[in-house]
Amino acid sequence: MEHEELDGFERELKQALERRPAPPSLKRRVMERRAQRRQPQSMIWMRLAATLLIVAILGGGLRWGLQQREERRQGEEARRQVMTALRITGHALNQVSTKLAAHDRAGE
Amino acid sequence: MALDWQPDFERLLDEHQSMVFSLALRMTGDRGLAEEIAQDVFLELDGHMGRMKSPEHARFWLRQVAMSRSTDALRRRKVRGMDLWVELEDGHAARAEERPSPVGARLEHLLTTLPETQRAALILRYQEDMLPDEIAAALDAPVATVKSHLQRGLKLLRAKATNHLREFIRGA
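From first to last, the protein sequence lines are chains A and B. Here the numbering used here runs 1 ahead of the position in the first sequence, where the first position is 1. Here the numbering used here runs 887 ahead of the position in the second sequence, where the first position is 1.
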């Protein structure tokens, strides 16, 4: 069939079946629908980026808060240790003072 | 050349919109439906741009998908081509400069009355100037089947034309 000459009827059919121009609106509509389909994808990325940013801020804030609490706890602990040391030192000084006073009295 | 080829969606749209629209129009006989099908085909192409290997591959893909989507649309609507063609002529008429000759219009009309498989083969053969093996690849059918569709379709169309276009046959 591929090597056969077209007869009059086939030639007429071929002529009748020439491509028709697409409507002028076709390209515009395709491009509009294509842009609409791509928009939600960019929105998804923007939402994901915003969510990640919020999570990062909240995570940073939480970490900062925990760090502050740990620093406060360590400060409190250091203060308690200093107070204990001062108490021990005061107690020792009192004992020395008492012994010295007793020694002085014995010497007199 | 094909190795260097980068598919450009807008360029493919410009080059092939007439082909895709005409295939859908000849298969469905409905300008509105054909435009919808053509839009869907190009949007599908947009999703497959990365897979297009060459201009020939893109053209083959567009033909194949246009025919397939047109067939799907016809099955969904369950409307015979003849009825659709009446709608085309009555309601969605082409612009004056696009209208074929009266004989051509009658042949297009008669084509829509053929069975779908024969119509598809004839459209690809005479609109797209494709060979039977190319048509077979596009329609995913054996070459022998396509040749049979072409022969039977042409014979049926000729018989219908003989009845409807006696003036044309006498003049030929």
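Virtual Cβ for every residue (Gly too), placed ideally from N, Cα, C.
Consider the Cβ of residue i: report whether some Cβ of chain B lies at a distance smaller than 7 Å.
| i | result |
| --- | --- |
| ALA17/A | yes |
| PRO24/A | yes |
| LEU49/A | no |
| LEU27/A | yes |
Kindly list, in the order they appear in chain B, the residues whose Cβ is closer than 7 Å to that of residue i.
| i | result |
| --- | --- |
| ARG35/A | LEU930 and ASP933 |
| VAL31/A | LEU900, GLN926, PHE929 and LEU930 |
What does residue i reach in chain A if we use C-beta pairs closer than 9 Å?
| i | result |
| --- | --- |
| GLY991/B | GLU13, LEU14, GLN16, ALA17, LEU18 and GLU19 |
| ILE1022/B | Within chain A, no residue comes near ILE1022/B; the closest Cβ sits about 10 Å away, beyond 9 Å. |
| ARG913/B | LEU18 and ARG21 |
| SER1035/B | By Cβ distance, chain A contributes nothing, its closest Cβ being about 11 Å from SER1035/B, past 9 Å. |
| SER909/B | LEU18, GLU19, ARG20, ARG21, PRO22 and ALA23 |
Output the boundary residues of the alpha helix (DSSP H) element that contains residue i.
| i | result |
| --- | --- |
| ARG946/B | 942-964 |
| LEU14/A | 9-17 |
| HIS996/B | 989-998 |
| ARG1069/B | Residue 1069/B cannot be examined here, being either before or after the span of chain B that is shown, 888 to 1059. |
| LEU1006/B | Note that residue 1006/B is Arg in the sequence shown here, rather than Leu. Where ARG1006/B is concerned, the enclosing alpha helix (DSSP H) stretches over 1003-1013. |
| ARG927/B | At residue 927/B the sequence reads Asp, which differs from the Arg that was named. Per DSSP, ASP927/B belongs to the alpha helix (DSSP H) from 918-934. |
| ASP830/B | In the structure displayed, chain B extends from 888 to 1059; residue 830/B sits before or after that span and is not available. |
Could you say which of the options lies nearest to residue i if we only look at CA atoms?
| i | options | result |
| --- | --- | --- |
| GLN926/B | GLU33/A, MET44/A and GLY9/A | GLU33/A |
| LYS940/B | ALA1007/B, ASN1050/B, PHE929/B and ASP891/B | ASP891/B |
| MET936/B | LYS1034/B, PRO1019/B, ASP895/B and ALA1024/B | ASP895/B |
| GLY916/B | ALA1048/B, ILE1010/B, ARG898/B and LEU949/B | ILE1010/B |
| THR999/B | ALA17/A, TRP46/A, ASP8/A and PHE10/A | ALA17/A |
| SER988/B | GLU19/A, GLY108/A and ALA57/A | GLU19/A |
For chain A, check one thing: does any of its Cβ atoms lie closer than 7 Å to the Cβ of residue i?
| i | result |
| --- | --- |
| ALA980/B | Legend: pLDDT at ALA980/B = 49, less than 50; position of this residue unreliable, no value from coordinates given. |
| LEU949/B | no |
| LEU997/B | no |
| GLU976/B | Residue placement at GLU976/B cannot be trusted, given a pLDDT of 48 that sits under 50; what the coordinates show is reported in the next sentence. Not one chain A Cβ lies under 7 Å of GLU976/B. |
| ARG1039/B | no |
| SER957/B | no |
| LEU920/B | no |
| ARG1045/B | yes |
| GLN1005/B | no |
Residues of chain B with CB closer than 8 Å to the CB of residue i, please, in chain order.
| i | result |
| --- | --- |
| ARG38/A | LEU930 and ASP933 |
Run down chain A in chain order and give the residues with a C-beta less than 8 Å from the C-beta of residue i.
| i | result |
| --- | --- |
| SER905/B | ARG20, ARG21, PRO22 and ALA23 |
| ALA1048/B | PHE10 |
Any C-beta of chain C sitting closer than 7 Å to the C-beta of residue i?
| i | result |
| --- | --- |
| GLN1014/B | No chain C is part of this structure, whose protein chains are labelled A and B. |
Taking residue i as the query, report the chain A residues whose CB atoms sit under 7 Å from its CB, ordered along the chain.
| i | result |
| --- | --- |
| LEU1026/B | The contacting residues do not exist; LEU1026/B stays about 16 Å from chain A at best. |
| LEU994/B | GLU13, LEU14 and ALA17 |
Cβ of residue i versus every heavy atom of the ligand ADP: is any distance shorter than 6 Å?
| i | result |
| --- | --- |
| ARG946/B | In the structure shown, the ligand ADP is absent, as is every other ligand, since no ligand is present at all. |
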